[in-house]
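Counting along the sequence shown from 1, when you hit position 83 you're at 83 in the working numbering, and nothing is skipped either side.
All remarks here apply to the structure that follows.
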Amino acid sequence: GRLFEAHLDFWHNFWSDTLDISVPDKRMQNQYFLQTYRFASATRKNGPVLDLLGPWYCPTTWPAIWWNMNEQITYSHISFANHPEYVNPVIDLLYDGRETMAENGETGLYDAYCLDRATSPNLKEKTGSQKEFGNLAYMLFYLYESNRTVMDDKVLQEKLLPLMKGAFKFLMTKTFVGDDGRIHFVS
1 GRLFEAHLDF
11 WHNFWSDTLD
21 ISVPDKRMQN
31 QYFLQTYRFA
41 SATRKNGPVL
51 DLLGPWYCPT
61 TWPAIWWNMN
71 EQITYSHISF
81 ANHPEYVNPV
91 IDLLYDGRET
101 MAENGETGLY
111 DAYCLDRATS
121 PNLKEKTGSQ
131 KEFGNLAYML
141 FYLYESNRTV
151 MDDKVLQEKL
161 LPLMKGAFKF
171 LMTKTFVGDD
181 GRIHFVS
């Protein structure tokens, strides 16, 4: 019926818009298409941010958005596959969660933002989650790269740059100048 037709229409439109690449190493090319398929199977352009398991939930000790390489790699390629609209939910979640990320950073600064290793969908840290200072900065790098594929200066100016400034401000609270005159991160 209609549900099946909508399903077919989605996949037809998705693959029609997807950048068709040709790579000499067919395994790498197949991996690109497989990851693109998995991504589109797990979310939609106006859907929630993917957590570690996507919509295929099962009982696990890992139910969270893992902002380390798990989340970063998940979103790193989709814009280059010609689907930059899929990163908008991540940008919106981070931008709307600035106050929470300021609280997560525990710096006392209202505009210094931190993402812990794992958070719930509202960006509150998961109990026992370790601090990993660079997660927000790395995620913002991928979102910036995505933004550059469409050159959306409004999103860049109004959302990404304030987030980048906040991530940098947080990182600066975790540095010191060593005896060697270089800037180091606290361990």
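All residues carry an ideal CB built from backbone N, CA and C; glycine is no exception.
All values derive from a computational prediction rather than experimental measurement.
Going by C-alpha positions, Arg-182 is about 40 Å away from Thr-61. Excluding the 5 residues flanking it on each side, Asp-51 has same chain C-beta neighbours closer than 8 Å at Pro-63, Ala-64, Ile-65, Trp-66, Pro-121, in chain order. Leaving aside the five residues that flank Lys-169 on each side, the residues in its chain whose CB is nearer than 7 Å to its CB run, in chain order, Leu-109, Asp-111, Ala-112. Its Cα nearest to that of Lys-131, the residue Glu-103 stands out among Trp-15, Glu-103, Met-28.
Bridge pairing for Glu-125: Thr-119 [DSSP]. Exclusion of the five residues before and after Val-90 leaves Val-49, Tyr-75, Leu-143 as the residues of its chain whose Cβ lies within less than 7 Å of its Cβ.
The Cβ atoms of Lys-26 and His-83 do not sit closer than 9 Å to each other.
Secondary structure at Ile-73: helix, using DSSP grouped into helix, strand and coil. For Ala-40, the closest alpha carbon among the candidates Glu-125, Glu-85, Gly-1, Gln-29 is that of Glu-85. Judged by DSSP in its simplified three-state form, Val-177 adopts strand.
The continuous alpha helix (DSSP H) containing Ile-91 extends over residues 88-96. For the options Glu-145, Met-151, Leu-160, Ala-167, the alpha carbon positioned closest to that of Phe-133 is the one of Ala-167. Its Cα nearest to that of Thr-100, the residue Cys-114 stands out among Tyr-138, Cys-114, Asp-180. In this chain, the alpha helix (DSSP H) harbouring Phe-170 covers 161-172. Under the three-state reduction of DSSP output, Phe-133 falls in the coil class, being neither helix nor strand. Of Asn-147, Arg-2, Thr-173, Met-172, the smallest CA-CA separation from Leu-161 is found for Asn-147. In this model, Asn-88 and Asp-179 are separated by some 43 Å (Cα to Cα).
Distances from the CA of Tyr-57 to each of Phe-176, Ala-42, Leu-140 were compared; the closest alpha carbon is that of Ala-42.
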